[in-house]
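Peer 1: My questions all concern the structure below.
Protein chains in written order, with the numbering used here: chain E, 11 to 381; chain R, 38 to 482.
Dropping the structure here:
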């Protein structure tokens, strides 16, 4: 249908998608069609509504056209007139995006990915971690604990400073052992417990795999009575009894890998990874912490020590560091202080209270790190 | 003039309502020869090589990288499939052999799909197997190294298979002059070959490293097609053996240096010139990087000179020192830029809150209220992200892009009208890059 008057005869490079040959083609717009007339070939008709521009090109002047769909044929229009002609007729359609062909499949795989990751992290890995924690031979657990202990000393020692030192003063250690013997009476512990005191201002105490219990010097200084320290010690023994540290280490080994898989290599990834692991950690640990609290309260009561000492200590900690607001509590591995204090105060007091340490022994313990 | 009539077998091609019948256009014949046979002979004897044109602008690429990296951060990484696709479209279309650009037509949704499929597959392996190995290594060996090593070794063949598949996807979604590239399947054969070659290389203490380079390249190349034309890596591994010289030199230098350090002769020197010793060690490390880069560039160039694509010859003029300079200056500029940014942000932060300076230098705990604490956390996060974005983008700008451009610009090929090259059918490789994406094995682009 060559009845319509031609604006101008313009040319473009035509690749028919059948061979690698480049042919010069005359371009016309006729009605609703883009007419491509390759030199010495038969004409091609592309409906205007199906003309698409190849996007993302480095050379912005390049105007490469294709037909909507999978056709590999290409039209490269480098002449300004050709560009203007084609653009004028097709600009409404050029940038149209093809709808994604398989949204069903995408959703299925998306759901599958989320499901498999969730099952792995929240079900399979903790289950396996629990089983394996029980199965791990003491020698292996000791090794894990020793390795973690060196890491802890190095990390908390910080940068240029040497790793944290152990506090070994003899009278202090003797007082500590006496406290330990009292607190642990009546409890079944899976292995020998090793107590360590680290020389640092931080107020903290934790249990590591293999029966290592670490108390920071700052905690000894912050406590006002030996009963408070005993309560914390009992709490950590609760973790040891439940094998929490080993289970948690195994769980982390499994989860971190999977999380790393999801988030890839970008920075948000590493940050999100840490946050996610904290979150998982926290939920998991809050359960463990509540259990350890309950263990501590029972041990205190059964051995003639006031369980409320735990509450007193928590109150003091709260004063010192400020209550973590709701959101952060989710990330902190300890349940909100308020709940713990209430639980400690609600515990039944023992029938008969016996003093734990003499004045001298308590002072020796607080000065276990010397000057 | 050649006349050819072809009937389109692929009449499924939409857009044409008639079978295609074309008469081949005579090409601009660079040699003043008339008869086809003599023309072919002349071509074989003295191919005229046409350089590949590279048109991409570094500035525009920088903006693209910046925008897409920011979006990727904001979407917690989901946008990275779009980012990679856009970067590839830009880079591919910058390369214009004979004035016609390469085209990348991968789709981000495809990549996302492949990635999700891979996550389903790999999360089991990484979660459960890792855990078991961790447990086993402490149980059996009372240490965690065995676990990590076993896990790493176990996943290594998967790495190679994934890389091969990723290359298959990349090339399967590339076309030139409308004709698709393609790579034959063979990911596991590739992994096997890689394991075997690495084994040989380690066994011979690195002597057979050039052989590994050549064999792996040959494996990849001989399975790569453009239309109905197959690429071929001709030649022999011995032709790149001489490129190992910088590496042998560095081995000797390192050995001497190590002996000097360990033998006690150096004790006095090290004590007096600590900085100098550190600089020497840094210099040796940098030289190692340079030596390996030089080897690789030279090897790639030699191998390129021996690649053929049907009747097409290739030739490369890539210069190794150019690549080394890109890495060197790239790293220096990167460090300087990052340093400037960190300094500025730290200055602003401490200016706002001078107590911080005390905390940072003397370790005294600052007396901050909640809002100040949150502000501090905010600044810290911002700095962290900003640094990462800068690092990613500047690496693309100073290292990836210049290297890519150099290799493209220095490539030449023997031009023809390519009328005889026929289209190849599209391959089903939609998910092929998934595992590489999941394991983060992709190339820089």
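The beta-carbon is built from N, C-alpha and C at its ideal position, and this holds for glycine as well.
The model shown is predicted, which means the values in this text are computed figures rather than measured ones.
How would you list, in chain order, the residues of chain R whose beta-carbon sits under 8 Å from the beta-carbon of residue 135 of chain E?
Peer 2: Those are 164, 165 and 168, listed as they occur along chain R.
Peer 1: With 16 as the cutoff for other CB atoms within 10 Å, does residue 289 of chain R come out buried or exposed?
Peer 2: Per the 10 Å Cβ criterion, exposed.
Peer 1: Determine the chain R residues that contact residue 268 of chain E at a beta-carbon separation under 8 Å, and present them in chain order.
Peer 2: Correct list: 160, 163 and 164.
Peer 1: Say whether the segment 193–213 of chain R touches the segment 292–303 of chain R, bearing in mind that this needs 3 or more beta-carbon pairs closer than 8 Å, one atom from each stretch.
Peer 2: Too few Cβ pairs lie closer than 8 Å, so no.
Peer 1: Quick one: what does DSSP say residue 159 of chain E is sitting in, helix, strand or coil?
Peer 2: Of the three classes helix, strand and coil, the one that applies to residue 159 of chain E here is helix, per DSSP.
Peer 1: Going by alpha carbons, who is nearest to residue 235 of chain R out of R:120, R:262, R:249 and R:220?
Peer 2: When each option's Cα is compared against that of residue 235 of chain R, the closest is R:249.
Peer 1: Give every residue of the same chain whose Cβ lies closer than 6 Å to the Cβ of residue 385 of chain E, excluding the five residues on either side of it in the sequence, and list them in chain order.
Peer 2: This structure does not reach residue 385 of chain E, given that chain E is present from 11 up to 381, and the question cannot be answered.
Peer 1: Ignore the nearest five residues each way along the sequence and tell me which others in residue 262 of chain R's own chain have a CB closer than 8 Å to its CB.
Peer 2: Within the same chain, residue 262 of chain R has close Cβ partners 218, 219, 220, 221, 268 and 461.
Peer 1: Using DSSP bridges, identify the partner residues of residue 88 of chain R.
Peer 2: The partner list for residue 88 of chain R (beta bridge, DSSP) reads R:449.
Peer 1: Residue range of the alpha helix (DSSP H) that residue 201 of chain E falls in?
Peer 2: First-last for residue 201 of chain E: undefined, no H or E at that position.
Peer 1: Can you give the Cα-Cα distance for residue 464 of chain R and residue 211 of chain R, rounded to whole angstroms?
Peer 2: The straight-line gap from Cα to Cα measures roughly 12 Å.
Peer 1: For residue 180 of chain E, which residues in the same chain have their Cβ closer than 8 Å to its Cβ, ignoring the five residues on either side in sequence?
Peer 2: Nothing listed; no residue qualifies.
Peer 1: How is residue 473 of chain R classed by DSSP in three states: helix, strand or coil?
Peer 2: Three-state DSSP puts residue 473 of chain R in a helix.
Peer 1: Does the CB of residue 198 of chain R have a neighbour CB from chain E at under 8 Å?
Peer 2: Chain E contact via Cβ: absent.
Peer 1: In the DSSP assignment, what are the bridge partners of residue 75 of chain E?
Peer 2: Residue 75 of chain E pairs with E:63 and E:85.
Peer 1: Taking Cβ-Cβ distances shorter than 9 Å, what residues in chain E pair up with residue 146 of chain R?
Peer 2: Those within 9 Å of residue 146 of chain R in chain E are 110, 111, 112, 113 and 116.
Peer 1: How long is the line joining the alpha carbons of residue 55 of chain E and residue 21 of chain E, rounded to whole angstroms?
Peer 2: Answer to the nearest angstrom: the Cα atoms are 15 Å apart.
Peer 1: So residue 456 of chain R contacts chain E; which residues on that side make the cut at Cβ distance below 8 Å?
Peer 2: Near residue 456 of chain R (Cβ distances below 8 Å), the residues of chain E are 29, 30 and 31.
Peer 1: With 16 as the cutoff for other CB atoms within 10 Å, does residue 161 of chain E come out buried or exposed?
Peer 2: Exposed: under 16 other Cβ atoms inside 10 Å.
Peer 1: Hey, is residue 264 of chain E's beta-carbon within less than 8 Å of any beta-carbon in chain R?
Peer 2: Yes, because at least one Cβ of chain R sits closer than 8 Å to the Cβ of residue 264 of chain E.
Peer 1: Please report the distance separating the alpha-carbon of residue 470 of chain R from that of residue 321 of chain E.
Peer 2: Whole-angstrom Cα-Cα distance: 56 Å.
Peer 1: Using a beta-carbon distance below 8 Å, is residue 463 of chain R in contact with chain E?
Peer 2: So, interface residue.
Peer 1: With distances taken between CB atoms, is the gap from residue 264 of chain E to residue 114 of chain R smaller than 8 Å?
Peer 2: Contact: no.
Peer 1: Over the uninterrupted beta strand (DSSP E) stretch that includes residue 297 of chain R, give me the two end residues.
Peer 2: Per DSSP, residue 297 of chain R belongs to no beta strand (DSSP E); it is in the alpha helix (DSSP H), 282–299.
Peer 1: Would you call the CB atoms of residue 264 of chain R and residue 30 of chain E closer than 8 Å?
Peer 2: Yes.
Peer 1: Would you verify that the beta carbon of residue 327 of chain E is, or is not, closer than 8 Å to some beta carbon of chain R?
Peer 2: Output row for residue 327 of chain E: interface = no.
Peer 1: When DSSP labels each residue in this structure, what does residue 486 of chain R get in the three-state scheme?
Peer 2: Past the edges of chain R, shown from 38 to 482, lies residue 486 of chain R, and the structure says nothing about it.
Peer 1: With distance defined between alpha-carbon atoms, name the residue in R:330, R:347 and R:352 nearest to residue 340 of chain R.
Peer 2: Of the listed residues, the one whose Cα sits closest to residue 340 of chain R is R:352.
Peer 1: If we count the other Cβ atoms within 10 Å of its Cβ and call it buried at 16 or more, is residue 237 of chain E buried or exposed?
Peer 2: Classification of residue 237 of chain E: buried, given that the 10 Å Cβ count is 16 or more.
Peer 1: Can you give the Cα-Cα distance for residue 354 of chain R and residue 26 of chain E, rounded to whole angstroms?
Peer 2: In a straight line, the C-alpha of residue 354 of chain R is about 33 Å away from that of residue 26 of chain E.
Peer 1: For residue 362 of chain E, which residues of its own chain have a beta-carbon under 8 Å away from its beta-carbon, when the five flanking residues on both sides are left out?
Peer 2: Here the set comprises 314.
Peer 1: Answer with buried or exposed for residue 124 of chain R, where buried requires no fewer than 16 other C-beta atoms within 10 angstroms of its C-beta.
Peer 2: Its Cβ being crowded by 16 or more others within 10 Å, residue 124 of chain R is buried.
Peer 1: Evaluate contact between the segment 237–256 of chain E and the segment 211–222 of chain E, counting only Cβ atoms and requiring at least three cross-stretch pairs below 8 Å.
Peer 2: The answer is yes - the segment 211–222 of chain E touches the segment 237–256 of chain E, with three or more Cβ pairs under 8 Å.
Peer 1: Closest to residue 122 of chain E by CA distance: which of R:87, R:298, R:310 and R:156 is it?
Peer 2: Ranking the options by Cα distance to residue 122 of chain E, first place goes to R:156.
Peer 1: Using the beta-carbon count (16 or more within 10 Å), is residue 167 of chain R buried or exposed?
Peer 2: So residue 167 of chain R counts as buried.
Peer 1: Could you tell me whether the segment 225–243 of chain R touches the segment 433–451 of chain R, where touching means 3 or more Cβ pairs closer than 8 Å?
Peer 2: Output reads no: the segment 433–451 of chain R does not touch the segment 225–243 of chain R.
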